[in-house]
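If you count the sequence shown from 1, position 106 lands on 182 in our numbering, and the numbers rise without skipping.
Backbone N, C-alpha and C fix where the C-beta goes; we use that ideal spot for every residue, glycine too.
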Amino acid sequence: LMTLTTFLIDSQRFKYPERPIVYLSACYFMVALGYLARLVLGHDEIACDGAIIKTSANGPSACTLVFILVYFFGMASSIWWVVLSFAWFLAAGLKWGNEAIAGHAQYYHLAAWLVPAAKTVAVLLAGAVDGDPVAGICYVGNSSPENLKKYVLAPLIVYFALGATFLLAGFVSLFRIRSVIKRQGGIGAGSKADKLEKLMIRIGVFSVL
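Written out as structure tokens, the structure reads:
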């Protein structure tokens with residue numbers, strides 16, 4: 077929420093390759109709303125109807141709305157993480173400038189919003205949404221391991237593999253730059269290498285989180 081507020085106050089502060097962090101935060105905020113809905117409406121209103129677990133086959137309902145909030149924005153956040161890793165790779169590995177990375181912003185948004193939207197529609201059309209009486213939300217794969225693998229695990233594995241590949245490539249590039257700085261020596265070489273190491277640590281910690 078603080079990230080979104082800061083962005084609304086000063087949007088120019090967040091430039092590429094850091095800007096995907098804003099969209100990540102927005103997605104997490106919407107997912108949080110999906111989980112908070114159970115506190116407002118109650119578990120029974122969302123996931124259950126007495127002893128019967130609700131599904132998307134029952135038509136539009138609070139169950140469907142919560143599913144869209146949690147699934148769509150959850151998957152969108154994963155793709156924005158991939159975009160963040162890719163943008164960082166362009167900056168650190170290929171030495172792209174902010175404007176060059178921002179020049180492809182429309183493609184980042186297309187991938188980050190269109191792919192989850194298509195998957196969300198596919199899940200709804202397949203009637204694969206079902207309630208989780210324990211968590212009090214509606215999601216996909218609660219009662220079907222096959223749906224869980226198809227609509228959740230498989231996409232997440234792909235996103236993780238892509239993001240990890242870009243991160244690894246970016247780190248390799250930074251290690252090379254660090255080695256060159258140390259070999260060249262000169263005034264301030266040690267300070268530059270230390271700053272680069274701190275940058276690598278910050279990026280690594282954020283990526284893991």
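Residue pairing by DSSP puts Val205 in a beta bridge opposite Val216. Contact check for Pro96 and Met151: beta-carbon distance about 15 Å, past the 8 Å limit, so the pair fails to qualify.
Separation of Thr140 and Asn218 (C-alpha to C-alpha, rounded to the nearest whole angstrom) is 14 Å. Between the beta-carbon of Ile213 and that of Arg114 there is about 6 Å, and that keeps the pair under the 8 Å contact cut. The alpha carbon of Val142 has as its nearest neighbour, out of Ala245, Val116, Val98 and Ser153, the alpha carbon of Val116. DSSP, reduced to helix, strand and coil, places Gly179 outside both helices and strands of the structure shown, so it counts as coil. In the three-state DSSP reduction, Arg114 falls in the helix class (H, G or I).
Annotation for Ser154: the continuous alpha helix (DSSP H) segment containing it runs Phe149 to Ala168. One Cα belongs to Val216, the other to Leu224, and the distance between them is close to 6 Å. Contact between the stretch 181 to 190 and the stretch 200 to 214 is absent: fewer than 3 CB-CB pairs across the two stretches fall below 8 Å.
With respect to Leu166, Gly110 sits apart: the two C-beta atoms are not nearer than 8 Å. The alpha carbon of Phe236 has as its nearest neighbour, out of Gly118, Met106, Cys103 and Ile155, the alpha carbon of Ile155.
Judged by DSSP in its simplified three-state form, Tyr227 adopts helix. Here DSSP, grouped into helix, strand and coil, assigns Glu94 to coil.
For Glu94, the closest alpha carbon among the candidates Ser153, Gly118, Ser161 and Phe105 is that of Ser161. Burial state of Pro192 is buried, judged by a 10 Å Cβ sphere holding 16 or more other Cβ atoms. When the Cα atoms are used, Val228 and Trp189 turn out to be separated by approximately 16 Å. When secondary structure is reduced to three states using DSSP, Ser255 falls in the helix class. Between Ile177 and Tyr92, the C-beta spacing is below 8 Å.
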